[in-house]
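Heads up, the thing below is written out as structure tokens.
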Amino acid sequence: NAGVMQNPRHLVRRRGQEARLRCSPMKGHSHVYWYRQLPEEGLKFMVYLQKENIIDESGMPKERFSAEFPKEGPSILRIQQVVRGDSAAYFCATYRSLTPDYGYTFGSGTRLTVV
Amino acid sequence: AQTVTQSQPEMSVQEAETVTLSCTYDTSESDYYLFWYKQPPSRQMILVIRQEAYKQQNATENRFSVNFQKAAKSFSLKISDSQLGDAAMYFCAYKYGGSQGNLIFGKGTKLSVKP
């Protein structure tokens, strides 16, 4: 859905570098989820944020990974000192507060390749 | 912990025929939602159909319908009159935790459509 923008679409990083992935929700959507998809796997939940707050980060590795969703601007997933095992597709999903249909809108994902 | 299992890594169907994709899940919750998502090669996650657990009636969206068996914890997707554009990965997903719970995905089924 073009309404949820993720960039970059592809990102190549050398081991040890930092990766910053961006997600801009649709207008009026104030809830953001980040998911990771390893090759041949389904999506795995990482973190759930509302504006300026982390609500649930139970799926995110304790080290090297962080996420934010500032009052202004996109949500950022940051991976420090990347390793080859971080290579995956990273998706964000959003939905509007109090929507009755519980539908999530996904971005097109960022494919991170660590070389 | 909630889990979602898709036992068919790959399926194939002839164009215009009908195919059923299987999904089972495990939960102790009584209020939850189930989804089928389609992921074509573009990587975009597209919501196909959604089912509320409290509804006995099976959801239907045009050529897509589900067979929801709550007691058996089964949620299969039937695609009628298959089209070449239906070829994709299909993921079954479960959501808990009220309106803000994250999605739990199965590993997916790769559907091929033969002309």
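If you read the sequences in order, they're chains A and B.
Here our numbering is used: the first residue of the first sequence is 386, the next is one more, and so on.
Here our numbering is used: the first residue of the second sequence is 49, the next is one more, and so on.
Yeah, the Cβ is synthetic: ideal placement off N, Cα and C, and Gly gets one too.
Owing to the predicted nature of the structure, the values given are computational and were not obtained by experimental measurement.
Please classify B/Ala125: does DSSP put it in a helix, a strand, or coil? First, the amino acid is wrong: residue 125 of chain B is Leu here, not Ala. In the structure shown, B/Leu125 sits in a strand (DSSP, three-state: E or B).
Applying the criterion that 16 or more other CB atoms from any shown protein chain within 10 Å of the CB defines a buried residue, is A/Thr490 buried or exposed? Its Cβ being crowded by 16 or more others within 10 Å, A/Thr490 is buried.
Kindly list the residues whose CB is nearer than 6 Å to the CB of B/Phe83, restricted to its own chain and excluding five residues on each side of it in sequence; keep chain order. Taken in chain order, the residues that qualify are Arg98, Ala141.
Check whether the Cβ of B/Met59 lies closer than 8 Å to any Cβ atom in chain A. With a threshold of 8 Å between beta carbons, B/Met59 makes no contact with chain A.
Reduced DSSP category for A/Arg399 - H, G, I as helix; E, B as strand; rest coil: It is coil, neither helix nor strand.
Cβ-based neighbour list, B/Ile199, same chain, cut-off 6 Å, excluding 5 preceding and 5 following: The first residue shown for chain B is 49 and the last is 163, placing residue 199 of chain B beyond what the model contains.
Which of the three DSSP states is assigned to B/Leu132 in this structure? DSSP places B/Leu132 in the helix class (H, G or I) of the three-state scheme.
Counting pairs of beta carbons, one from the stretch 114-127 of chain B and one from the stretch 70-78 of chain B, are three or more of them closer than 8 Å? Yes: at least three Cβ pairs fall under 8 Å.
7 Å Cβ shell around A/Gln465 - same chain, five flanking residues per side excluded: Only Glu403, Arg449 meet the Cβ criterion.
List the residues of chain B whose Cβ lies closer than 8 Å to the Cβ of A/Phe450, in chain order. Those do not exist, as A/Phe450 stays about 16 Å from chain B at its closest Cβ, beyond 8 Å.
Would you mind working out which of B/Met59, B/Ser60, B/Ala64 sits nearest B/Gln131, comparing C-alpha positions? When only C-alpha atoms are compared, the closest one is B/Ala64.
Less than 8 Å between the beta carbons of A/Arg405 and A/Leu497, yes or no? Not in contact: A/Arg405 and A/Leu497 (Cβ atoms no closer than 8 Å).
Output, in chain order, the set of chain A residues within a Cβ distance shorter than 9 Å of B/Gln92. Below the 9 Å Cβ cutoff, chain A contributes Asn386, Phe491, Gly492, Ser493, Gly494 as neighbours of B/Gln92, in chain order.
Answer yes or no: do B/Tyr85 and B/Ala101 have a C-beta to C-beta separation smaller than 8 Å? In this structure, B/Ala101 does not lie closer than 8 Å to B/Tyr85 by Cβ.
Quick check on DSSP: helix, strand or coil for B/Asp79? Residue state, collapsed to three classes: coil.
With a threshold of 8 Å between beta carbons, is A/Tyr418 in contact with chain B? A/Tyr418 counts as touching chain B.
Helix, strand or coil at A/Arg405 [DSSP, three-state]: Three-state DSSP puts A/Arg405 in a strand.
Just the C-alpha distance for A/His416 and B/Leu159, rounded to the nearest angstrom, thanks. Those two C-alpha atoms are separated by around 31 Å.
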